[in-house]
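Have a look at the structure below, then the notes.
Numbering (the working numbering), first residue to last: 87 to 221.
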């Protein structure tokens, strides 16, 4: 289960799994970055729920990676990094039972603020940086 131990700039709550340790895909993929700010004192509960959401999301067919990080300076702040095969994969995630129940039903009401951005990432030629196009 997630803990609040910080080993660097952010505390990673991702366990070793193929989806969290794989290199960036060569095919285009959708990168999602979410910033969550929990209501004061609710960081531990949000962390626990994000751990459950992480496990369920990693089972989705279109999910390539799902990790969340907790700020060591403010335990009520989180960053979530998600990768999906495409926008339809993100739509399926948002419609999933576990996201409806844990995300919309439980976690989001515990937040002061939430921002989510996404961009399609396209592989570049060898030696060139990848390019992203906002969705």
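All C-beta atoms, glycine included, are put in the ideal place defined by N, C-alpha and C.
- Setting aside the 5 residues that flank it on each side, residue 168 is surrounded in the same chain by 118, 152, each with a C-beta closer than 6 Å to its C-beta; the list follows chain order.
- Here residue 170 is near residue 150, since their CB atoms are less than 8 Å apart.
- Going by C-alpha positions, residue 163 is about 21 Å away from residue 186.
- For residue 174, the three-state secondary structure derived from DSSP is helix.
- Here the alpha carbon of residue 193 sits roughly 19 Å from the alpha carbon of residue 145.
- Short of 6 Å from the beta carbon of residue 198, and not among the five residues preceding or following it, lie these beta carbons of its own chain, in chain order: 123, 125.
- Each residue's CA atom was taken as its position, placing residue 114 and residue 205 some 10 Å apart.
- Between the C-alpha atoms of residue 184 and residue 139 there is a straight-line separation of about 7 Å.
- Between residue 129 and residue 158, the C-beta gap is not smaller than 8 Å, which leaves the two residues out of contact.
- Taking the C-beta atoms as reference points, residue 148 is found nearer than 8 Å to residue 175.
- In the DSSP assignment, residue 203 falls within the unbroken beta strand (DSSP E) covering 197–208.
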